[in-house]
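Okay, so the sequence shown: first residue is 24 according to the working numbering, each after it adds one. Think of the CB as a built atom: it goes at the ideal place given N, C-alpha and C, for glycine as much as any other residue.
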Amino acid sequence: MAAPHSDQENDFLASLAQGSDIWVACTDRRQEGEWECEGSQDGQEIYTNWRKPVEPNNHGGVEHCAMLRKVAMNKWNDVRCGIELEAVCKQKPLGSCFTTNNEGRLDVDSCL
24 MAAPHSDQEN DFLASLAQGS DIWVACTDRR QEGEWECEGS QDGQEIYTNW RKPVEPNNHG
84 GVEHCAMLRK VAMNKWNDVR CGIELEAVCK QKPLGSCFTT NNEGRLDVDS CL
């Protein structure tokens, strides 16, 4: 599952979700309030995009996973880990990443 590391990556994940709420690979299961995200190193500052000032709030003491909410302008919410949501999976590129223009022609090299 993917965890964005910048506003640009967060917006890219939201665009892949096509209007759906999706999981973000971040959790505070190990220690409440200490969020860990996929791909982050111990002690490294992590990227978050919480819907401030109300999130994360651990409502009911059971919200330990993060989701990206399209209706909240791509901001994050903490939720119960067992709810059913879509996810975007990440895979290391096998080669270069490319984008195409609106005519379908190769444009620029642009990996996130």
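Indicate the three-state DSSP secondary structure (helix, strand or coil) for residue i in the structure shown.
i: L39; result: helix
i: E55; result: coil
i: E109; result: strand
Got a sec, what are the start and stop residues for the beta strand (DSSP E) residue i sits in?
i: W73; result: Where W73 is concerned, there is no enclosing beta strand (DSSP E), given that its DSSP letter is neither H nor E.
i: N100; result: K98 to V102
i: A89; result: C88 to R92
i: W46; result: I45 to T50
Within its chain, find whatever has a CB closer than 7 Å to the CB of residue i; leave out the 5 residues flanking it on each side and keep chain order.
i: A110; result: M24, I45 and W46
i: E39; result: Just to set this straight, residue 39 is Leu in the shown sequence, not Glu. Here the set comprises V111.
i: A37; result: L91, K93 and N97
Counting C-beta neighbours from all protein chains within 10 Å, is the total for residue i 16 or more, i.e. buried, or is it exposed?
i: D101; result: buried
i: P79; result: buried
Excluding sequence positions up to five away, which residues of its chain have a Cβ less than 8 Å from the Cβ of residue i?
i: N136; result: In the structure as shown, the chain begins at 24 and stops at 135. Residue 136 is therefore absent and cannot be evaluated.
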